[in-house]
């Protein structure tokens, strides 16, 4: 079952020692992202909804391009990568479209807020 696979994946990753960031570039990956965050992974990038291939490619490419040049700047990398997706849009974003999510464990919020992006911090 998916729940068993999710738990196995979380257990495997957290057993590797310090994991600073996990990037889940797959449709409907926010539930697994929440599990990873609750297991102690400080930052998780994931998707809420079914993501188009072009969006996932642009998000990951822009994110890693920025993050490799600016280690630890995950909030800024996320903002830059979301802007790359925004540039792809030819019209208004529909309510049923996928949303990239940056989940974080600490009390710090990514620096810029864009209304169409879904971001959640610590769960209560």
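Residue numbers (our numbering): 401 to 524.
Cβ coordinates follow ideal geometry from the N, Cα and C atoms, glycine included.
The structure presented is a predicted model; accordingly, all values stated were derived computationally and were not measured.
Item to check | Residue range of the unbroken alpha helix (DSSP H) whose run includes residue 432 | outcome: Bounds of the alpha helix (DSSP H) holding residue 432 are 430 to 438.
Next on the checklist: Suppose the cutoff is 8 angstroms on Cβ atoms and the five residues either side in sequence are ignored; what does the same chain contact list for residue 524 look like?
Outcome noted: Low confidence applies here, because residue 524 scores a pLDDT of 30, under 50, leaving its location unreliable; read the following figure in that light. Nothing listed; no residue qualifies.
Next on the checklist: Along the chain, where does the alpha helix (DSSP H) containing residue 456 start, and where does it finish?
Outcome noted: From DSSP, the alpha helix (DSSP H) with residue 456 extends over 453 to 469.
Item to check | Stretch pair the region 444 to 456 + the region 420 to 432: three plus CB contacts closer than 8 angstroms | outcome: Counting Cβ pairs under 8 angstroms, three or more are found: they touch.
Next on the checklist: Let's see if you can read the secondary structure: which residues bound the beta strand (DSSP E) around residue 448?
Outcome noted: Run containing residue 448: 443 to 448, per the beta strand (DSSP E) assignment.
Checklist entry - With DSSP run on the structure shown, which of helix, strand or coil describes residue 419? => result Coil, per DSSP.
Item to check | N-terminal and C-terminal residue of the alpha helix (DSSP H) that residue 482 is part of | outcome: 474 to 488
Item to check | Start and end residues, beta strand (DSSP E) containing residue 501 | outcome: 499 to 504
Checklist entry - Whole-angstrom Cβ separation of residue 466 and residue 477, contact assumed at under 8 angstroms? => result About 4 angstroms separates the two Cβ atoms, so the contact holds.
Checklist entry - With burial defined as no fewer than 16 other Cβ atoms inside 10 Å of the residue's Cβ, what is the status of residue 412: buried or exposed? => result exposed
Next on the checklist: Taking its Cβ as the centre, do 16 or more other Cβ atoms sit within 10 Å of residue 498, making it buried, or is it exposed?
Outcome noted: buried
Checklist entry - Do residue 414 and residue 439 have their CB atoms nearer than 8 angstroms? => result Inclusion of residue 414 and residue 439 in the CB contact set at 8 angstroms is warranted, their separation being smaller than that value.
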